[in-house]
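Here is the structure we will look at, set down as structure tokens.
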Amino acid sequence: MELEKIVSAHPALAGHESRMVSAKEAVAKVKAGNNVYLGTACATPRLLCEALENLADPPPNVTLYHFLTDGAVPHKGGKPSTRYRHKCFFVGSDLRIAVAKGLAEYIPVSLSQVPGLVENGRIPIDVAFVQVSPPDEFGYSSLGVSVDVTASMVQNARRVIAEINPNMPRTTGDSLVHVSRFECMVWYDTPVIEVPAEPTDEVTEQIARRIASIIEDRSTLQIGLGNLPQATLRYLGDRRDLGIHTDVITDALVELLEKGAVTGRSKSRFRSMIVGSYCLGTRRLYDLIDGNPLFSFQAIERVSAIDTIASQHKMVSVNQVCSVDLTGQVCTDQFAGRFCGGVSTQVEFIRGAALSPGGKPIVCLTSTAEDGKVSRIRPLLLGGEGVTIARSDVHYVVTEYGVAYLFGKSIRERALALIRIAHPDFRSKLLKEARKLGYVEKGLSLKRAVEVSDREERRLLLRNQKTVLIRPTRASDTPALQGFFRNMSKEDRYTRFFRRLSHLSDAEAQRLCNVDQDSEVAFLVLYGAKGKEAIIGSAFYFVNPSANMAEVAYMVSPEWQGVGIGTAMQLRLMEHAKNRGLRGFTAEIQAYNANMINLAKRACDDISIERHGDTHEVTMLFE
8 MELEKIVSAH
18 PALAGHESRM
28 VSAKEAVAKV
38 KAGNNVYLGT
48 ACATPRLLCE
58 ALENLADPPP
68 NVTLYHFLTD
78 GAVPHKGGKP
88 STRYRHKCFF
98 VGSDLRIAVA
108 KGLAEYIPVS
118 LSQVPGLVEN
128 GRIPIDVAFV
138 QVSPPDEFGY
148 SSLGVSVDVT
158 ASMVQNARRV
168 IAEINPNMPR
178 TTGDSLVHVS
188 RFECMVWYDT
198 PVIEVPAEPT
208 DEVTEQIARR
218 IASIIEDRST
228 LQIGLGNLPQ
238 ATLRYLGDRR
248 DLGIHTDVIT
258 DALVELLEKG
268 AVTGRSKSRF
278 RSMIVGSYCL
288 GTRRLYDLID
298 GNPLFSFQAI
308 ERVSAIDTIA
318 SQHKMVSVNQ
328 VCSVDLTGQV
338 CTDQFAGRFC
348 GGVSTQVEFI
358 RGAALSPGGK
368 PIVCLTSTAE
378 DGKVSRIRPL
388 LLGGEGVTIA
398 RSDVHYVVTE
408 YGVAYLFGKS
418 IRERALALIR
428 IAHPDFRSKL
438 LKEARKLGYV
448 EKGLSLKRAV
458 EVSDREERRL
468 LLRNQKTVLI
478 RPTRASDTPA
488 LQGFFRNMSK
498 EDRYTRFFRR
508 LSHLSDAEAQ
518 RLCNVDQDSE
528 VAFLVLYGAK
538 GKEAIIGSAF
548 YFVNPSANMA
558 EVAYMVSPEW
568 QGVGIGTAMQ
578 LRLMEHAKNR
588 GLRGFTAEIQ
598 AYNANMINLA
608 KRACDDISIE
618 RHGDTHEVTM
628 LFE
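Under my numbering, think of the first position of the sequence shown as 8, with each following residue one higher.
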């Protein structure tokens with residue numbers, strides 16, 4: 008488009024015609040030894056990047072800094088080929104080979120710290136290449152889909168060169184830059200880079216559903232990069248009054264808005280507004296945010312400020328990681344020695360969510376690498392995997408095999424919880440290594456209990472209108488079961504064990520939690536938020552193979568008696584036993600325990616009761 012037509016269409020450019028130059032003229036302003044910043048992600052200034060690479064006489068010792076880019080490093084024959092040194096704060100897909108080959112360097116730093124490093128001169132930026140919208144009638148261009156660290160770069164760079172794209176949406180927040188800030192401008196009418204959602208597989212969907220099951224109505228969400236967190240958004244359409252305070256915004260948010268799930272009414276700060284820092288999406292998303300006051304795009308250091316995150320109501324942080332060891336140490340930027348991803352904003356959001364009232368910090372990963380031959384849950388992080396998130400900060404860990412809650416748990420409890428959600432092919436090896444490392448006792452065997460699928464779980468609405476979870480016991484339940492036992496009355500303990508016990512020993516508790524779910528079967532009833540549930544009931548049956556029968560026993564917390572838990576446990580054990588082909592149950596019940604006798608009578612029609620002294624021997628035959 009001719010310059011006159013451009014100025015006619017955008018009057019704010021009038022008087023600045025001398026600064027409207029070609030890309031070749033613009034990049035000629037980069038001098039030897041300069042540090043050059045390249046704009047982020049879908050706002051990568053590709054025309055300027057290409058012109059810089061194509062200079063006939065490229066300036067020496069130039070370093071290009073960037074966060075997440077698309078096309079910043081040219082490829083020839085599928086291999087990276089660049090004439091400059093690159094330093095990146097995130098190893099995206101277009102940088103991984105370059106980093107591996109030494110053409111680019113990774114800087115492991117939280118994004119929220121980058122603006123400070125630029126401001127104090129530790130990372131001096133001489134020239135910033137950015138892609139912006141045309142200026143409005145007041146002379147302000149918008150950074151559009153990428154504010155992130157770019158806002159700070161524009162403010163602190165000695166020179167700013169703008170690639171003006173008429174297709175760039177105008178966003179509000181920290182995105183405005185006056186045209187006078189640009190040393191020169193290049194007009195570039197091109198579609199904004201689009202990043203459609205990645206296709207998902209069944210494992211991704213399983214993990215997404217598990218994460219979604221933890222997220223409650225009126226939560227405020229940060230959904231990080233990666234297909235696992237992003238897929239989670241598709242399972243939140245039935246939630247109410249969700250809020251968004253996040254680093255990255257994608258197309259998945261559009262569907263949540265259309266379903267009315269996102270209102271922001273319960274947010275503590277920026278109420279009713281969607282706060283983000285940059286976009287990875289398609290034109291569908293860009294059209295939604297263009298001039299939309301519902302969205303506030305803020306500088307990354309504001310979005311990821313821990314106090315701001317912590318002040319949000321029920322702040323939920325969901326981030327994908329590379330690997331985790333049995334103590335809970337997490338690596339987010341390396342896998343088996345290869346750099347990938349980065350620190351990004353994960354640390355701040357995890358800590359902020361942990362401090363938020365009702366908050367939930369969640370990290371997620373597939374149980375194995377893509378080829379299925381390597382477990383992402385490790386005894387120890389490998390030598391080529393650095394600790395990005397300290398184990399003391401980790402709360403929820405999610406794989407396709409379950410949810411492990413680690414915060415406040417011992418090393419033993421963490422190891423067992425993580426082994427349970429590891430891929431079944433690696434659990435025995437992980438347990439063996441955990442024993443070698445002294446994380447668990449040498450004689451511990453998880454038997455088949457660790458392999459019990461979550462399909463055995465049931466949720467039940469009780470007569471008091473509270474929903475409880477009935478599931479098989481796990482080896483990691485030992486301390487909770489001991490606490491449950493301590494809260495029982497002396498009579499209840501005697502009713503269950505027929506002996507006077509003041510406490511449940513470690514060995515006894517471990518035996519009850521670490522059953523094989525074959526000859527011994529144990530279920531617990533739990534109440535509370537996922538990962539933080541309290542045991543309020545327990546049920547066991549022990550198989551007598553010669554009679555094809557099983558002895559059954561139950562315990563219910565005193566404050567939960569009379570609301571239907573006993574009946575629920577009995578029906579669940581009967582369902583399980585019938586599926587196993589057992590003929591029925593036997594039970595010894597104290598003669599004075601009328602409630603348990605009545606419960607047995609309600610279980611089935613074919614029941615016989617024989618009294619032996621102070622006890623009743625009850626036999627229940629299934630149909």
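The beta-carbon is built from N, C-alpha and C at its ideal position, and this holds for glycine as well.
Note that this is a predicted model, so its numbers are computed, not measured.
Do A541 and L533 have their C-beta atoms closer together than 8 Å? With respect to L533, A541 sits close: the two C-beta atoms are nearer than 8 Å.
Under the assumption that V447 contacts L423 (Cβ atoms under 8 Å), give the Cβ distance between them as a whole number of angstroms. Between the beta-carbon of V447 and that of L423 there is about 7 Å, and that keeps the pair under the 8 Å contact cut.
Among V404, K449, G445, nearest to A429 - alpha-carbon criterion: For A429, the nearest C-alpha among the options comes from V404.
Nearest CA to the CA of G415: which residue from V475, P486, K443? Minimum Cα distance to G415 is reached at P486.
Between G365 and the ligand NAD, is the CB less than 7 Å from at least one heavy atom? The ligand NAD is not part of the structure shown, which contains no ligands of any sort.
Does the region 248–255 come close enough to the region 382–401 that 3 or more CB-CB pairs lie under 8 Å? Not touching, per the Cβ criterion.
Spatial neighbours of F504 in its chain, beta-carbon cut-off 6 Å, leaving aside the 5 residues before and after: With a pLDDT of only 42 at F504, under the threshold of 50, the placement of this residue in the model should not be trusted; the figure read from the coordinates follows. Answer for F504: no residue qualifies.
Within a Cβ cutoff of 7 Å, which residues of the same chain sit near A30, ignoring the five residues on either side of it in sequence? For A30, where only same-chain residues beyond five positions count, the Cβ hits under 7 Å are L54, L55, A58, V193.
Rounded C-alpha distance that separates D258 from D340: Going by the C-alpha atoms only, they are around 25 Å apart.
With a threshold of 7 Å on Cβ separation, who are the neighbours of L243 within its own chain once the five nearest residues in sequence on each side are excluded? Closer than 7 Å at Cβ, skipping near neighbours: A219, I222, L249, L263, A268.
Within 10 Å of its beta-carbon, does A50 have 16 or more other beta-carbons around it, so buried, or fewer, so exposed? Its Cβ being crowded by 16 or more others within 10 Å, A50 is buried.
For G379, count neighbouring Cβ atoms within 10 angstroms of its own Cβ and tell me buried if that reaches 16, exposed if not. Counting Cβ neighbours within 10 Å, G379 comes out exposed, since fewer than 16 surround it.
Taking DSSP as the reference, what is the three-state secondary structure of V98? Strand.
Can you tell me whether G109 is buried or exposed, with buried defined as 16 or more other CB within 10 angstroms of its CB? Burial call: exposed.
What does DSSP give as the partner residues of D613 in its beta bridges? According to DSSP, D613 bridges with L628.
Buried/exposed call for H402, threshold 16 Cβ in 10 Å: With 16 or more other CB atoms across the displayed protein chains lying within 10 angstroms of its CB, H402 is buried.
Suppose the cutoff is 7 Å on Cβ atoms and the five residues either side in sequence are ignored; what does the same chain contact list for N163 look like? Take N163, set aside five residues on each side of it, and the residues of its chain with a beta-carbon closer than 7 Å to its own are V125, E126, I132, in chain order.
Is the beta carbon of G573 closer than 8 Å to that of T626? Result no, Cβ atoms of T626 and G573 do not sit closer than 8 Å.
For T406: DSSP bridge partner residues: Here T406 is bridged, per DSSP, to G409.
Give me the Cα-Cα distance between H583 and A575, rounded to the nearest whole angstrom. Roughly 12 Å between the two C-alpha positions.
Counting along the chain, where does the alpha helix (DSSP H) carrying S435 start and finish? From DSSP, the alpha helix (DSSP H) with S435 extends over 431–443.
At the level of alpha carbons, what is the spacing between L235 and S279? Taken atom to atom, the span from the alpha-carbon of L235 to that of S279 is near 26 Å.
Examine the Cβ distances between the region 288–306 and the region 173–185 and report whether three or more of them are shorter than 8 Å. Verdict: yes, contact present.
When you compare only the Cα positions, how much space is there between R272 and S351? Rounded to the nearest angstrom, the two C-alpha atoms are 28 Å apart.
What does DSSP give as the partner residue(s) for A594 in the beta ladder? Paired residue(s): V625.
Specify whether the region 348–366 and the region 183–191 touch according to this definition: at least 3 beta carbon pairs, one from each stretch, less than 8 Å apart. Output reads no: the region 183–191 does not touch the region 348–366.
Quick check: what's the CA-CA separation for E9 versus P81? Rounded to the nearest angstrom, the two C-alpha atoms are 29 Å apart.
If we count the other Cβ atoms within 10 Å of its Cβ and call it buried at 16 or more, is E205 buried or exposed? Per the 10 Å Cβ criterion, exposed.
Decide yes or no for the touch test of the region 14–29 against the region 103–117: beta carbon pairs closer than 8 Å, at least 3 of them. In short, these stretches do not touch, since the Cβ pair count stays below three.
Looking only at its own chain, which residues have a Cβ that is under 6 Å from the Cβ of G180, when we skip the five neighbours before and after it? Listed in chain order, the non-local C-beta contacts of G180 below 6 Å within the same chain comprise S303, F304, Q305, local neighbours out to five positions each way being set aside.
Taking the alpha-carbon of V134 as reference, which of A158, A111, I168, V121 has the nearest alpha-carbon? Out of A158, A111, I168, V121, I168 has the C-alpha closest to the C-alpha of V134.
Start-end ranges of the beta strand (DSSP E) lying completely within the region 130–205, minimum 3 residues: 134–139, 147–149, 166–171, 183–185, 191–194, all fully within the region 130–205.
Report all residues from its chain with a CB closer than 6 Å to the CB of E558; omit the five preceding and five following residues, and keep chain order. Cβ contact annotation for E558 (same chain, cutoff 6 Å, sequence separation greater than five): F549, T593, in chain order.
On the DSSP bridge assignment, give the partners of M27 in chain order. Within the DSSP bridge table, the entry for M27 names M192 as partners.
Can you list, in chain order, the residues of its chain with a C-beta nearer than 8 Å to that of E144? Leave out the 5 residues immediately preceding and following it. Within the same chain, and ignoring the five residues on either side of E144 in sequence, the residues whose Cβ sits closer than 8 Å to its Cβ are P18, A19.
Extract the residue ranges of the beta strand (DSSP E) inside the region 297–355, only unbroken runs of 3 or more that lie entirely within it. With a minimum length of 3 residues, the continuous beta strand (DSSP E) runs that stay inside the region 297–355 are 302–304, 322–327, 330–332.
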